[in-house]
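Taking it in order: structure first as C-alpha cells, then the write-up.
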Amino acid sequence: MDFKLTEEQLMIQQAARDFAQTELLPGVIERDEHSKFPADAVKKMGELGFLGMMVDPKYGGAGLDSVSYVLAMEEIAKVDASAAVVMSVNNSLVCAGMEKYCSEEQKQKYLVPLAKGEVIGAFCLSEPEAGSDATSQKTTAIDMGDYYLLNGTKNWITNGSTASTYLVIAQTDVEKGHKGINAFIVEKGWAGFEIGPKEKKMGIRGSDTHSLMFTDVKVPKENRIGEDGFGFAFAMNVLNGGRIGIASQALGIAQGAYELALKYAKERKAFKTEIINHQAVAFKLADMAVNITAARMLCFKAAAEKDNGEDISISGAMAKLFASKTAMDTTIEAVQIHGGNGYVSEYHVERMMRDAKITQIYEGTSEIQKIVISRGIAK
Ligand code: CAA
Numbered sequence: 066m067d068f069k070l071t072e073e074q075l076m077i078q079q080a081a082r083d084f085a086q087t088e089l090l091p092g093v094i095e096r097d098e099h100s101k102f103p104a105d106a107v108k109k110m111g112e113l114g115f116l117g118m119m120v121d122p123k124y125g126g127a128g129l130d131s132v133s134y135v136l137a138m139e140e141i142a143k144v145d146a147s148a149a150v151v152m153s154v155n156n157s158l159v160c161a162g163m164e165k166y167c168s169e170e171q172k173q174k175y176l177v178p179l180a181k182g183e184v185i186g187a188f189c190l191s192e193p194e195a196g197s198d199a200t201s202q203k204t205t206a207i208d209m210g211d212y213y214l215l216n217g218t219k220n221w222i223t224n225g226s227t228a229s230t231y232l233v234i235a236q237t238d239v240e241k242g243h244k245g246i247n248a249f250i251v252e253k254g255w256a257g258f259e260i261g262p263k264e265k266k267m268g269i270r271g272s273d274t275h276s277l278m279f280t281d282v283k284v285p286k287e288n289r290i291g292e293d294g295f296g297f298a299f300a301m302n303v304l305n306g307g308r309i310g311i312a313s314q315a316l317g318i319a320q321g322a323y324e325l326a327l328k329y330a331k332e333r334k335a336f337k338t339e340i341i342n343h344q345a346v347a348f349k350l351a352d353m354a355v356n357i358t359a360a361r362m363l364c365f366k367a368a369a370e371k372d373n374g375e376d377i378s379i380s381g382a383m384a385k386l387f388a389s390k391t392a393m394d395t396t397i398e399a400v401q402i403h404g405g406n407g408y409v410s411e412y413h414v415e416r417m418m419r420d421a422k423i424t425q426i427y428e429g430t431s432e433i434q435k436i437v438i439s440r441g442i443a444k
C-alpha cells in the first residue's frame, strides 16, 4: 500500500489550491451575505477543466482519476463550499451519470458541453414528498408514443436556475414501483418547464437552489436514459459516486475550519499565553486533525475503488457519513476556539459551520447512509 500522491495528483491539488485562493477567497463573505452565485469563478472552473474532471477527453473532459477529483474538491470547498457543490453536482452526478449510462448521441449532444464547462447541469430527484424516500416519486412521465409527458415538481435542486441541462427522474408506471421509474435529459426553456424562486438557505448560500415545475413538458423519447424502467437504478448508482463528491466537499470544509482554528490558536493570547498552550484548545485541535485524516482516507479509499471499477455503494456512503460528521464537529469547535470572533463573518468559521450542515442532508441524509451501509454489510 502506497499513501503517496502522484506528481500529476499533486499538480491538480496545487492548481485547485491556487484557484481557490485567487478566484474564490476574495468575495466569498459577500457572496454568502447576498446569496450570490459565483458565476465568474464557475466559468473559470470550466475553462480549467474542473467541471468535467473525470470525463474522457474524447467527450471534452480532463480524463483524470477520482483521487484527483477528491483533492481538487477539498481545495475548492476549503475556501468556498458553494462553488464546491456546483462542481460536485456537475462532475459526479451529471457528467459521471451521462458518461456511464447515456447513448453516444446523448453524450455528443449533452455531455460534451457539460464536461467542457460551457454549460452546467442539475440532478433532479428530490420532491416535496420524496427526499429520502426516493422510490415515492410523484413526478410522472407518461409514454405518449414519440415523447413522454412530464408533470410534477422537484425540490431543492442545486444549479436550479443556472443549469442548462437537467437530469430528471420521474415515475412512468406506478404499478411497477421503482422499476417503473425513468431518467430523462430535459433542456432549460422547453415549454411547460418553470423555475421557482431561489431558496433562502442557512448555508451554501452562494449556490443556486430552486424548485422546478413541469407542466405537460414534452420530452422526446430519445432523451430517456437507458432502457425503460432504468431510472431508479440510474439514480442510485449515480448517487453512489456523488457521495464521494459531497464527502470531499465536507472534508474541505473541515480542513478549512481546522486551518483557521489552528492559526488563530497560535496567535490569540489568553491567560498570558497563546491559547494553543491550553489543553482545552489543544485537545480540540488534536481531535480535528485525527478526524480529518480519517475522513480523507475514507474519501481516497472510495475514490480508488471507483477508479478500479469496484462497487462503491458502501465505501461512498461511509466516506460521506464520516466526512460530513467531521465537517459539522470541526466547524462547531472552530467557532468555539475563535470565541466571539468566531461568531462574526470576517473570520469565516461561522459560514463554514452553516455550510457544513447541508453535507449531512443532501445526496442522502446521514441516516440514509447508515441504511445503505447496514444493508450492504448484511448481504
Ligand atoms: N446502489 C445501487 N442500487 C441500490 C442502492 C445503491 N446504493 N440502494 C438501493 N439500490 C437498489 C436495490 O438493490 C433495489 O434494486 P432491485 O431493483 O434489484 O430491487 C432498488 O434499488 C430498490 O432498493 P430498496 O428496496 O432498498 O429501496 P428503498 O425504497 O428501501 O430505498 C434508499 C433505498 C437507499 C433509501 C434510497 O431511496 C435512497 O438512496 N434515498 C436517498 C436519496 C438521495 O440520496 N437523495 C438525494 C437527492 S440528490 C441531491 O441531493 C443532489 C444535489 O442537488 C446536491
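Our numbering runs 65 ahead of the 1-based position in the sequence shown.
We treat Cβ as the ideally placed atom computed from N, Cα and C, and that holds for glycine.
Beta-bridge partners of residue i, as assigned by DSSP
i, result
"Asp208", "Tyr213"
"Leu277", "Lys219, Ile260"
"Leu232", "Phe188, Ile250"
"Val159", "Paired residue(s): none; Val159 is not in a bridge."
"Arg289", "Phe249"
"Ala388", "DSSP output for Ala388 lists no bridge partner at all."
"Val151", "Looking at the DSSP assignment, Val151 forms no beta bridge with any residue, so it has no partner."
"Ala195", "Glu192"
"Val284", "Tyr213"
Residues near residue i in its chain [Cβ-Cβ closer than 8 Å; skip 5 each side]
i, result
"Ser197", "Gly429, Thr430, Glu432, Ile433"
"Ala104", "Thr227"
"Ile442", "Ile379"
"Thr223", "Val150, Val151, Val154, Ala187, Phe188, Ser272, Asp273, Thr274, Tyr427"
"Ile357", "Leu316, Ala319, Gln320, Tyr323, Thr391, Thr395"
Beta-carbon contacts of residue i that lie in its chain and below 7 Å, excluding the five residues immediately before and after
i, result
"Lys371", "Ser131, Gly306, Ile309, Ile377"
"Leu327", "Leu350"
"Leu361", "Note on identity: in this sequence residue 361 is Arg, with Leu being the wrong assignment. Correct list, in chain order: Leu316."
"Lys266", "Thr274"
"Val239", "Gly245"
"Leu304", "Glu428, Gly429"
Close-in-space but distant-in-sequence residues of the same chain around residue i (CB under 6 Å, 5 per side omitted)
i, result
"Ser191", "Asn220, Trp221"
"Ile340", "Ala330, Arg333, Val346"
"Leu90", "Val144"
"Cys364", "Val135, Ala312, Ser313, Leu316, Ala384"
"His403", "Tyr329, Tyr412, Val414"
"Ala142", "Ala149, Gln314, Gly317, Ile318"
"Ala195", "Ser201, Gln202"
Whole-angstrom C-beta distance between residue j and residue i, which should lie under 8 Å
i, j, result
"Asn155", "Gly125", "Actually they do not touch by this definition, with Cβ atoms about 12 Å apart."
"Asp145", "Val93", "5 Å"
"Ala235", "Thr205", "6 Å"
"Val437", "Ala382", "4 Å"
"Val233", "Cys189", "5 Å"
"Glu98", "Ser410", "7 Å"
"Ser153", "Ile77", "Not quite, the Cβ-Cβ distance comes to about 16 Å (not below 8 Å), so this is no contact."
"Gly496", "Leu277", "Residue 496 lies beyond the range of the chain shown here (66 to 444); nothing can be said about it."
"Glu140", "Arg96", "That belief does not hold up - the Cβ atoms of Glu140 and Arg96 are roughly 18 Å apart, past 8 Å."
"Thr280", "Glu252", "With a Cβ gap of about 16 Å, Thr280 and Glu252 do not count as contacting."
"Gly407", "Ala399", "7 Å"
For this session: Count the C-beta pairs between the region 340-350 and the region 416-424 that are closer than 8 Å, then say yes if the count reaches three, no if not.
Result: Contact between the region 340-350 and the region 416-424 is absent, because fewer than three Cβ pairs lie under 8 Å.
Problem set entry | the region 284-295 contacting the region 211-229, beta-carbon criterion three pairs below 8 Å | Yes, they touch.
Exercise. Do the region 422-439 and the region 389-401 make contact, defined as three or more Cβ pairs closer than 8 Å?
Worked result: Between the region 422-439 and the region 389-401 there are three or more inter-stretch CB-CB distances shorter than 8 Å, so the stretches are counted as touching.
Exercise. If you pair each beta-carbon of the region 177-192 with each one of the region 318-334, do three or more pairs fall below 8 Å?
Worked result: Verdict: no, contact absent.
For this session: Could you say if the region 157-164 and the region 113-131 meet the contact criterion of at least three C-beta pairs nearer than 8 Å?
Result: Cβ pair count under 8 Å is three or more, so yes.
Problem set entry | Cβ contact (3+ pairs, closer than 8 Å) linking the region 265-283 and the region 146-154 | Contact holds: three or more Cβ-Cβ distances are below 8 Å.
Exercise. Does the region 285-305 come close enough to the region 167-176 to have 3 or more Cβ pairs within less than 8 Å?
Worked result: Three or more beta-carbon pairs drawn from the region 285-305 and the region 167-176 are found closer than 8 Å, and the two stretches are therefore classed as touching.
Exercise. Hey, which unbroken runs of the alpha helix (DSSP H) at 4 residues or more fall wholly within the region 307-386?
Worked result: Segments of the alpha helix (DSSP H) lying fully in the region 307-386: 344-372.
For this session: Could I get the ranges of all uninterrupted alpha helix (DSSP H) runs contained in the region 74-104, with 4 residues as the minimum, in chain order?
Result: Runs of the alpha helix (DSSP H) inside the region 74-104: 93-98.
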